[in-house]
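Below: one structure, written as structure tokens.
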Amino acid sequence: MAGRKAHKIATLGSHSALQILKGAKDEGFLTICVVNTMRLSLYRRFKFIDKIIEIPSFSSFGSIEDQLIRENAIIIPHGSFVAYLGIEVNKKMNVAYFGNKAVLDWESDRKLQRKWMQIANISVPKRFKKGEKIDRPVIVKSYGAAGGQGYFFAKNQKELTFRLKSFKPKKFIVQEYVIGVPLYIHYFYSSITNTLEILSIDKRYETNVDSLGRIPSQNQQGLGIEPSFVVVGNSPLVLRESLLGEAFNMGEKVVATSKNIIKGGIWGPFCLETIITPEQKFSIIEISCRIVAGTNLFINGSPYSSLYWNKEVSTGRRIAMEIKEAIKKGKLNKILS
Amino acid sequence: MAGRKAHKIATLGSHSALQILKGAKDEGFLTICVVNTMRLSLYRRFKFIDKIIEIPSFSSFGSIEDQLIRENAIIIPHGSFVAYLGIEVNKKMNVAYFGNKAVLDWESDRKLQRKWMQIANISVPKRFKKGEKIDRPVIVKSYGAAGGQGYFFAKNQKELTFRLKSFKPKKFIVQEYVIGVPLYIHYFYSSITNTLEILSIDKRYETNVDSLGRIPSQNQQGLGIEPSFVVVGNSPLVLRESLLGEAFNMGEKVVATSKNIIKGGIWGPFCLETIITPEQKFSIIEISCRIVAGTNLFINGSPYSSLYWNKEVSTGRRIAMEIKEAIKKGKLNKILS
Amino acid sequence: MAGRKAHKIATLGSHSALQILKGAKDEGFLTICVVNTMRLSLYRRFKFIDKIIEIPSFSSFGSIEDQLIRENAIIIPHGSFVAYLGIEVNKKMNVAYFGNKAVLDWESDRKLQRKWMQIANISVPKRFKKGEKIDRPVIVKSYGAAGGQGYFFAKNQKELTFRLKSFKPKKFIVQEYVIGVPLYIHYFYSSITNTLEILSIDKRYETNVDSLGRIPSQNQQGLGIEPSFVVVGNSPLVLRESLLGEAFNMGEKVVATSKNIIKGGIWGPFCLETIITPEQKFSIIEISCRIVAGTNLFINGSPYSSLYWNKEVSTGRRIAMEIKEAIKKGKLNKILS
Chain A
1 MAGRKAHKIA TLGSHSALQI LKGAKDEGFL TICVVNTMRL SLYRRFKFID KIIEIPSFSS
61 FGSIEDQLIR ENAIIIPHGS FVAYLGIEVN KKMNVAYFGN KAVLDWESDR KLQRKWMQIA
121 NISVPKRFKK GEKIDRPVIV KSYGAAGGQG YFFAKNQKEL TFRLKSFKPK KFIVQEYVIG
181 VPLYIHYFYS SITNTLEILS IDKRYETNVD SLGRIPSQNQ QGLGIEPSFV VVGNSPLVLR
241 ESLLGEAFNM GEKVVATSKN IIKGGIWGPF CLETIITPEQ KFSIIEISCR IVAGTNLFIN
301 GSPYSSLYWN KEVSTGRRIA MEIKEAIKKG KLNKILS
Chain B
1 MAGRKAHKIA TLGSHSALQI LKGAKDEGFL TICVVNTMRL SLYRRFKFID KIIEIPSFSS
61 FGSIEDQLIR ENAIIIPHGS FVAYLGIEVN KKMNVAYFGN KAVLDWESDR KLQRKWMQIA
121 NISVPKRFKK GEKIDRPVIV KSYGAAGGQG YFFAKNQKEL TFRLKSFKPK KFIVQEYVIG
181 VPLYIHYFYS SITNTLEILS IDKRYETNVD SLGRIPSQNQ QGLGIEPSFV VVGNSPLVLR
241 ESLLGEAFNM GEKVVATSKN IIKGGIWGPF CLETIITPEQ KFSIIEISCR IVAGTNLFIN
301 GSPYSSLYWN KEVSTGRRIA MEIKEAIKKG KLNKILS
Chain C
1 MAGRKAHKIA TLGSHSALQI LKGAKDEGFL TICVVNTMRL SLYRRFKFID KIIEIPSFSS
61 FGSIEDQLIR ENAIIIPHGS FVAYLGIEVN KKMNVAYFGN KAVLDWESDR KLQRKWMQIA
121 NISVPKRFKK GEKIDRPVIV KSYGAAGGQG YFFAKNQKEL TFRLKSFKPK KFIVQEYVIG
181 VPLYIHYFYS SITNTLEILS IDKRYETNVD SLGRIPSQNQ QGLGIEPSFV VVGNSPLVLR
241 ESLLGEAFNM GEKVVATSKN IIKGGIWGPF CLETIITPEQ KFSIIEISCR IVAGTNLFIN
301 GSPYSSLYWN KEVSTGRRIA MEIKEAIKKG KLNKILS
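Protein chains in written order, with the UniProt record's numbering: chain A, 1 to 337; chain B, 1 to 337; chain C, 1 to 337.
This is the structure:
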């Protein structure tokens, strides 16, 4: 690195920015947070953020990209990048970007996601074609449903037909409703060492659906509450050890398949959203190909990350460790895109 | 401190005493636990408690106050102080007392609490006047309902009228039942540095209401279980990062308003009991102006406290850090009352 | 230990093996994992496992026992030992075995377990005799029900009679269904220092029963979901401090009684599965006389273990600490059987 400005770690002020920048700082990087005016007061509170670049709104991101390049920043994308900037802005970004942008097209398209899982031979819920009769409970999701809106359940064909009449979205999927418990597995794949780690596990805390169980059945009936699935938090879990092998296998199949179907494949953090049935089978509902918000539980370490590392390693810090290692080995280009 | 006995940290053996005294010990203080005979065997187990002062029951607290003064103790009040000693005993205490006693009157009166939140411009559930017709689901709470007893739900006017007939408490409130998930935010406000920290977040574990969800709807019907809300534990949460800014804002408004309406204002730990709706809005159910039991989850650190401090900081330890800092700066009187 | 090979810590690759061997390594022991072929790929991932002994299936355990003896290994049994090897194989094992094998007979027999708790004067749910009329909700459990299968609820005599007609298992118990919240207390009793520690607390994450609460009452009705109780994970809890004294008392009564009824009594880790009622009373459903899977949450420490130890102590590590202490004091034989 002699004669060259040291790399800095940068991200947007949202989602898991605190974890990412805290982890980067702990690994010795200078940190930059790109913040819209509204959130300025939040990110100013934390000393591990070395520099704040203010923009009026996230849509002005393009205007400060050159500045990030001059700072020799590496951008760590998280869940808000696609939500706030859009896929195209992500793909056209010129600043160094951790992770493989080619994955974005696969991740953002439910059909391609499903294809990926199926090629990887990972169990996904049965999907019904348009107009096809259902033979089991289903969940109906609109395309691009964001933040938990645009879903409903139907327990049989009669209910499905009835509910669809008043369902506004035109594009939607009808999918088997897998009865079991949700569990989110946070993976990290190092393309430098070719190893896969499970760093932590969580479940989401969703409003209002996670309050329903506290309302007695007899009261629910009259209230006519429509469940909603807006994620507002997370709580920690560990997985039964006899299922951990399968969790690793799924992760490795996802990684191996990605190398065949996506140029360069996937690396860095990703998450499988699973449902575990009473037969102890995983059913995969979704893949996120970057750091997920559930990892914010583990800013001060997790029971799983402590199996690999003798320090408090969050997913955010793990990313910084990977970048440090890549720089040391002269392989930084291998993990940017 | 030359020539003067070093300060010791003391509290009642209950609620969060282990956390408080462990944190004090970690910061280098000698620790004292005032224990009633029944609980002696519990507090004797822990080596970080330097001295145990036994009293037959908490009502004898007055008899050992002089001893605490001679020991140069600083009392850290927690939730059991008002419950076991009463407000008046707290207010008349002569031993050094961390926090502002003037807050006690506001905190213990639901109407004043509500006024405080309203002046601070923080959202609270709608409250119905006596006899006023309700237009939405409500929760009816008796005044001074302790430990989760003395509540009921009504989904409409008809049910409310019916249930009130057999409701024994004469003083009660009828309040909008906000449908959403509960979340308790543990704040710490330093009046020494004028900064607000969010140290951790939890949800309560309440019997029997947190077991209802595990009983199938068809079984609940016949069992006719009446929900109860007795807090017997806590579990950890993190908050969606995009809501964290609002969480800080609420905390700062509570602190700023307290300075206007309560002589000296609030400092040290406090907690907002919130409900988060599917619209991602906080509704504030209650404020606790001291350390809450949910912080016991984080005796060995929390994801939030690690954003400020490079050690395992609980709320209990944070209090000790504040006292240490105040002593160092000669401002101890500023944080006692 | 001069002139003698140092002791190694060994266990079966399952249940809580990662925690046990990580804890052993942290305390300076060499570690051995006995793994069946199917799970080889899982346990190969972790550097704290010094040696893996592969067997085609757990039933071949006998064939490698001599090797373990030559390695000077101490076996740490966990929940899978009885499940995979059976009680007799455990009892006849010649390799050094941590804990008291005489406890196995008591633990594996529901009637003896119950007798133990009753002698210890600990509250257990009422049990109804065969054919006896029930006067409250009950849970019917088959003998040897494993992994959550073979249970049902009945809210009254009529439902019980009806459900029993189609219940296949011939041996079963009819037990009061205690309405309250479940909580698992992880104890460690040191027979070397004669002290009892509560190291951590969890609740189980069970499929599908922990997903029921998220399904609105009106939808549950039609789906006709039968609840199942298959444990697939765990989540952390802390207990209200005013109940902690009783939790210690129960643990001490269990230990004291064990010394009277079981030759040598119990030592090392054990767990009480409790239900806490709205009256804040514990009802004990089951005792496990070894490390339980819920402790896997605390591989990097727990709020309770940090009250005793200034390092990250899991139950697995605590076992290794005990063995180290016993070796140092020349009392290793006292804790093996």
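Just so it is clear, CB atoms sit at the ideal spot from N, CA and C, and this is done for glycine as well.
query                                                                                                                      : result
Supposed contact pair A:Ser-217 and B:Ser-217 - C-beta distance, whole angstroms, cut 8 Å                                  : 4 Å
Residues of its chain near C:Val-140, where Cβ-Cβ distance is below 8 Å and the 5 sequence neighbours each way are ignored : Tyr-151, Phe-152, Phe-153, Ala-154, Leu-160, Arg-163, Leu-164, Phe-167, Phe-172, Ile-173, Val-174 and Gln-175
First and last residue of the uninterrupted beta strand (DSSP E) at B:Arg-204                                              : 195-208
Residues from the region 192-208 of chain A in contact with chain B, defined by Cβ distance under 8 Å                      : Tyr-205, Glu-206, Thr-207 and Asn-208
Listed by chain order, chain C residues near A:Leu-297 by CB distance under 9 Å                                            : The contacting residues do not exist; A:Leu-297 stays about 10 Å from chain C at best.
Limits of the alpha helix (DSSP H) - the one that B:Leu-183 falls within                                                   : Premise fails: B:Leu-183 lies in the beta strand (DSSP E), 181-190, not in any alpha helix (DSSP H).
Contact residues within the region 254-284 of chain C, judged by C-beta distance below 7 Å to chain B                      : Ile-276, Thr-277, Pro-278 and Gln-280
The region 309-327 of chain B in contact with the region 49-58 of chain C per 3-pair CB rule at 8 Å                        : no
A:Gly-148 in three-state terms, based on DSSP                                                                              : Legend: pLDDT at A:Gly-148 = 49, less than 50; position of this residue unreliable, value from coordinates given subsequently. Three-state result, A:Gly-148: coil.
The region 211-243 of chain A: positions lying closer than 7 Å to chain C by Cβ                                            : Leu-212, Gly-213, Ser-217, Gln-220, Gln-221, Ile-225, Pro-227, Ser-235, Pro-236, Leu-237, Val-238, Leu-239, Arg-240, Glu-241, Ser-242 and Leu-243
Members of the region 8-40 of chain C near chain A, C-beta cut-off 7 Å                                                     : Ser-14, His-15, Ser-16, Ala-17, Leu-18, Lys-22 and Arg-39
Any C-beta of chain C under 8 Å from that of B:Ala-102                                                                     : no
Alpha-carbon to alpha-carbon, B:Asp-135 and B:Ile-179                                                                      : 14 Å
C-alpha distance - B:Phe-128 paired with B:Lys-25, whole-angstrom precision                                                : 48 Å
Within chain C, partners of A:Gly-180 - CB distance below 7 Å                                                              : Thr-207, Asn-208 and Ser-211
Proximal residues to B:Ser-14 (C-beta, below 6 Å), its chain only, five neighbours per side dropped                        : Ser-80
Rounded separation between C:Trp-267 and C:Ile-215 - CA only                                                               : 43 Å
When A:Tyr-304, A:Glu-279 and A:Phe-229 are compared against A:Leu-244, the one with the closest alpha-carbon              : A:Tyr-304
Per DSSP, the bridge partner or partners of B:Leu-336                                                                      : B:Phe-98
CB contact check: A:Phe-128 to chain C, cutoff 8 Å                                                                         : no
Contact under 8 Å by Cβ, C:Lys-91 with C:Leu-112                                                                           : no
Beta carbon proximity, C:Leu-164 to chain B, threshold 8 Å                                                                 : no
Closest Cα partner of B:Leu-196 within the set B:Ile-291, B:Ile-262, B:Pro-269 and B:Ser-211                               : B:Pro-269
3 or more residues per run - each beta strand (DSSP E) lying fully within the region 20-45 of chain B                      : 30-36
Beta-carbon gap between residue 350 of chain C and C:Thr-31 smaller than 8 Å                                               : In this structure chain C extends from 1 to 337, so residue 350 of chain C is not present and cannot be described.
Interface flag, C:Phe-248 vs chain A, CB-CB below 8 Å                                                                      : no
Close beta carbons around A:Gly-233, own chain, < 8 Å, minus the five adjacent residues each side                          : Arg-204 and Tyr-205
Terminal residues of the alpha helix (DSSP H) in which C:Ile-119 lies                                                      : 110-119
Under 7 Å by beta carbon: chain C residues contacting B:Ala-6                                                              : Those do not exist, as B:Ala-6 stays about 22 Å from chain C at its closest Cβ, beyond 7 Å.
Test: C:Ala-326 CB closer than 8 Å to a CB of chain A                                                                      : no
Assigned exposure category for B:Arg-290 - 16 Cβ within 10 Å defines buried                                                : buried
Inter-residue CB distance, B:Ile-76 and B:Ile-262 (contact presumed, cutoff 8 Å)                                           : 20 Å between Cβ atoms; not a contact.
C-alpha distance - B:Asp-246 paired with C:Ser-190, whole-angstrom precision                                               : Checking the sequence shown, residue 246 of chain B turns out to be Glu, not Asp. Roughly 48 Å separates the two Cα atoms.
Beta-carbon proximity of A:Ile-52 to A:Tyr-43, cut-off 8 Å                                                                 : yes
A:Ser-306: contacting residues in chain C (beta-carbon distance under 8 Å)                                                 : Lys-22, Ile-299, Asn-300 and Glu-312
Same chain, Cβ closer than 8 Å to A:Gly-147, five either side skipped, listed in chain order                               : Because the pLDDT at A:Gly-147 is just 45, under 50, the model does not fix this residue reliably, and the value given afterwards should be weighed accordingly. Same-chain partners within the cutoff: Val-230 and Val-231.
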